[in-house]
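Worksheet for the structure shown next.
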Amino acid sequence: MTNQALINRLTELVGIWTANTLALAPKYILNGELDQELATLKKQVQQQLEAGQISQKQSQAALGLIAGLYLWNGNLDNSHTIAQDLENKTGSYLHGILHRMEPDYSNAKYWFHMAGGHPEFEQLREETLKLLEDSTSGNEALSQRFLLNKGWNPGLLTDLVEEALRKGAVAEEVTLLERIQALELRLLLAGVLLVI
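Counting from 32, one number per residue, gives the positions in the sequence shown under our numbering.
Right, here's the structure in full:
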């Protein structure tokens, strides 16, 4: 597979899979065929890097996309294997999301702290507030918690997910948090696509 074909396929997969729901704490792998394809794509990225066909930066971006797609597919282990080797903000942020999904909340917050700020944070906060505003399930308390922060705070989302899963939140609240988490990962992957 050529470098451009690899990028095109990753872009296509991101477009297909990020249209789906993202579970707060997945219990199983959603699609075995996707998992196999991601393993093949990971090998191709490594081969292209070794052959000098792609740069280290392109390799890190492609592997970030693969790690994100593994998250979307519910394969936290394979995502973790990749994310822990990504030496950039995106890798740390992906690492935080996957630990939130495990759920290992304190470890998630550690990795969010390591990631620091991210270019997608402003858009993520704005779209989250719009999503909450458009929600019809009466989430004023949830909206207020996001409004209290001047910027995007992944630790707040982590706290909200933990509270929802521990207390057995109503389905509407869980669905809303799933949509916010999906938005978070979707925007992160869209940002990665810009640098690949």
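We put the CB at the ideal spot given by N, CA and C, even for glycine.
If you're wondering where the values come from, they're calculated on a predicted model, not measured in any experiment.
So, residue i versus residue j, is the Cβ gap smaller than 8 Å?
i, j, result
"L37", "Q75", "yes"
"L178", "L214", "no"
"G105", "I47", "no"
"A98", "I113", "yes"
"S110", "L117", "no"
"Y124", "L219", "yes"
"L69", "L100", "yes"
"E193", "P134", "yes"
"W96", "V223", "Inspection of the sequence shows that residue 96 is occupied by Leu rather than by Trp. Closer than 8 Å, so yes."
"Q78", "N34", "no"
"L107", "K73", "no"
Buried or exposed for residue i, going by 16 or more other Cβ atoms inside 10 Å?
i, result
"T71", "exposed"
"A82", "exposed"
"G182", "exposed"
"T121", "buried"
"S137", "exposed"
"A146", "buried"
"A172", "exposed"
"E204", "buried"
"R217", "buried"
"H144", "exposed"
Rounded to whole angstroms, what is the Cα-Cα separation between residue i and residue j?
i, j, result
"L208", "T52", "11 Å"
"T159", "N62", "28 Å"
"I227", "P57", "28 Å"
"R197", "T42", "35 Å"
"N184", "A202", "23 Å"
"D165", "S174", "11 Å"
Below 8 Å, can you find three or more Cβ-Cβ pairs linking the region 127-134 to the region 177-196? Two segments are said to touch when three or more pairs of C-beta atoms, one from each, lie closer than 8 Å; by this definition the region 127-134 touches the region 177-196.
For this session: Taking only runs that begin and end inside the region 60-142, name each unbroken alpha helix (DSSP H) of 4 or more residues, in chain order.
Result: Counting only unbroken stretches of 4 or more residues, the alpha helix (DSSP H) elements lying wholly within the region 60-142 are 63-81, 87-103, 107-114, 120-132, in sequence order.
In chain order, which alpha helix (DSSP H) runs of at least 4 residues are fully inside the region 167-208? Runs of the alpha helix (DSSP H) inside the region 167-208: 171-178, 185-198.
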